[in-house]
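In the working numbering, the protein residues as written are -12 to 262.
Positions of the beta carbon are idealized from the N, C-alpha and C atoms, including for glycine.
The structure displayed is predicted, hence computed values, not measured ones.
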Ligand SMILES: [Mg+2]
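Now the structure itself:
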């Protein structure tokens, strides 16, 4: 569910430019320079894009607008339509936890993550609440399939109650028990007789298991092109610059490697011209 540090190239560049002590000269740059490559710097840009940019809000609103536009048509085809949403970075904005990591120089840890979850103070991802109430008004069943641990259900529901979100019944939540792969939980929804007409998430594993480990970056990208017609229809995708399976592919899903090795692998995957 929640991994540590993530960022795309353009945000990486933005983070570098935001740090006055980091003077980047290609001629002087060292491959393992902590100034330009450490995970906290990497995370800083990702969080700033989420918290400060109007573009992040616009992307979220765009996703939920598309979802609302297609939902009546998709749900009309079924007698028992359901919509499935992920929670973290789909309904709940956890960027304050990542900001805390940066400001305190801490990596992600299950202990501090649980403290954040227990605060039950996450704001909603832009557009999520409006969409959820719209789906509720259409009579759809809403399932929240999240890789938050089952022990985190009470504070998660408290947080969502504060936000006034609909269908906050325990049976509407399918949290993580053993595996992060959500395929079985989606199948459990279908086994209850529901037709899942729309899947909404920030990580493509929220939509299909083909995007999960051990899929490589190239395989995931190939799958995205094969699924092209589903995006903006039954597959709705939210932006997440902070973390995701995509970053795990860079490290061959090996969480045990050092920060320096992560840095090396990030750089190794950059595609750049010779100038
Ligand atoms: Mg998520």
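### Query
If you count every other CB in all the chains shown that lies within 10 Å of the CB of residue 194, and 16 or more means buried, which is it?
Position 207 of the chain shown, counted from the start, is the residue given in the question as residue 194. Burial call: buried.
#### Entry: Other residues of its chain near residue 227: CB distance less than 6 Å, five sequence neighbours each side excluded
Taking the chain shown and counting its residues from 1, one reaches residue 227 at position 240. Counting only Cβ-Cβ distances below 6 Å, and skipping sequence neighbours, we find 76, 189.
### Query
For residue 128, which three-state DSSP category applies?
As a first step, residue 128 must be located in the chain shown, where it is residue number 141. In this structure, residue 128 counts as strand in the three-state DSSP scheme.
### Query
Residues in its own chain within less than 7 Å of residue 46 by CB, not counting five upstream and five downstream?
For the purposes of this step, residue 46 is taken as residue 59 along the chain shown, with counting starting at 1. Within the same chain, residue 46 has close Cβ partners 226.
### Query
Does ligand 1 have even one heavy atom less than 7 Å from the beta-carbon of residue 190?
One-based indexing of the chain shown puts residue 190 at position 203. The answer is yes for residue 190.
#### Entry: Per-residue burial, residue 242 [other beta carbons within 10 Å of its own, 16 or more giving buried]
Here residue 242 is taken as the residue at index 255 of the chain shown, counted from 1. Classification for residue 242: exposed.
### residue 123 (DSSP reduced to helix, strand or coil)
Looking up residue 123 in the chain shown gives position 136. Correct three-state label for residue 123: helix.
### Query
Hey, would you say residue 251 sits closer than 8 Å to residue 237, going by beta carbons?
On the chain shown, position 264 is the one that residue 251 refers to. On the chain shown, position 250 is the one that residue 237 refers to. No, these two residues do not count as a Cβ contact at 8 Å.
### Message
Mapping the DSSP letters down to three states, classify residue 135 as helix, strand or coil.
### Response
Here residue 135 refers to the residue found at position 148 of the chain shown. Strand, per DSSP.
### Query
So the beta strand (DSSP E) residue 224 belongs to, where does it begin and stop?
Here residue 224 is taken as the residue at index 237 of the chain shown, counted from 1. Where residue 224 is concerned, the enclosing beta strand (DSSP E) stretches over 222 to 224.
### Message
On the criterion of 16 or more Cβ atoms from any shown chain inside 10 Å, does residue 234 qualify as buried, or is it exposed?
### Response
Along the chain shown, one-based indexing puts residue 234 at 247. Buried.
### Query
What residues match up with residue 115 in a beta bridge as DSSP calls it?
Here residue 115 corresponds to residue number 128 of the chain shown, with the count starting at 1. Answer is none; residue 115 lacks a bridge partner.
### Query
For residue 244, does the count of other Cβ atoms within 10 angstroms reach 16, so buried, or fall short, so exposed?
The residue given as residue 244 occupies position 257 in the chain shown. With fewer than 16 other beta carbons inside 10 angstroms of its own, residue 244 counts as exposed.
### Query
Is residue 234 near ligand 1, with its Cβ less than 7 Å from a heavy atom?
As a working note, residue 234 is residue 247 in the chain shown. Incorrect: residue 234 has no Cβ contact closer than 7 Å to ligand 1.
### Task
Specify whether the stretch 62 to 73 and the stretch 167 to 180 touch according to this definition: at least 3 beta carbon pairs, one from each stretch, less than 8 Å apart.
yes
### Query
Where do the N-terminal and C-terminal ends of the beta strand (DSSP E) with residue 68 fall, by residue?
Here residue 68 corresponds to residue number 81 of the chain shown, with the count starting at 1. Where residue 68 is concerned, the enclosing beta strand (DSSP E) stretches over 68 to 72.
### Task
Using only alpha-carbon positions, find the residue among 206, 32, 74, 239 that is nearest to residue 139.
For this step, residue 139 is matched to residue 152 along the chain shown. Measuring from the Cα of residue 139, the nearest candidate turns out to be 74.
### Query
Is residue 73 near ligand 1, going by C-beta to nearest heavy atom under 7 Å?
Stepping through the chain shown from its first residue, residue 73 is reached at position 86. Because some heavy atom of ligand 1 lies under 7 Å away, the Cβ of residue 73 counts as near it: yes.
### Query
For residue 150, does the three-state DSSP call read helix, strand or coil?
To locate residue 150, count along the chain shown from 1; it is residue 163. Residue 150 falls in the coil class under three-state DSSP.
### Query
Would the beta-carbon of residue 77 be found less than 7 Å away from any heavy atom of ligand 1?
Residue numbering aside, residue 77 sits at position 90 when the chain shown is read from its first letter. Indeed, a heavy atom of ligand 1 lies less than 7 Å from the Cβ.
### Task
Please list, in chain order, all residues of the same chain as residue 262 whose beta carbon is under 8 Å from its beta carbon, the five residues on each side excluded.
In the chain shown, counting from the first residue as 1, residue 262 sits at position 275. Nothing meets the Cβ criterion.
### Task
Just tell me which of 44, 222, 164 has its CA closest to the CA of residue 185.
On the chain shown, position 198 is the one that residue 185 refers to. Minimum Cα distance to residue 185 is reached at 222.
#### Entry: Cβ pair residue 38, residue 92 closer than 8 Å
Taking the chain shown and counting its residues from 1, the one referred to as residue 38 is at position 51. Taking the chain shown and counting its residues from 1, the one referred to as residue 92 is at position 105. Against a cut-off of 8 Å, the Cβ pair of residue 92 and residue 38 comes out as no contact.
#### Entry: residue 164 beta carbon less than 8 Å from that of residue 198
Taking the chain shown and counting its residues from 1, the one referred to as residue 198 is at position 211. Taking the chain shown and counting its residues from 1, the one referred to as residue 164 is at position 177. No, these two residues do not count as a Cβ contact at 8 Å.
#### Entry: Residue interval of the beta strand (DSSP E) (run including residue 155)
Along the chain shown, one-based indexing puts residue 155 at 168. Unbroken run through residue 155: none, as it is neither H nor E.
### Query
By a C-beta neighbour count over all protein chains shown, 10 Å radius and 16 as the cutoff for buried, is residue 16 buried or exposed?
Position 29 of the chain shown holds residue 16. Note that residue 16 scores a pLDDT of 45, beneath 50, so its modelled location is shaky; the value from the coordinates is reported in the next line. Of the residues assessed, residue 16 falls on the exposed side of the cut-off, its CB having fewer than 16 other CB atoms within 10 angstroms.
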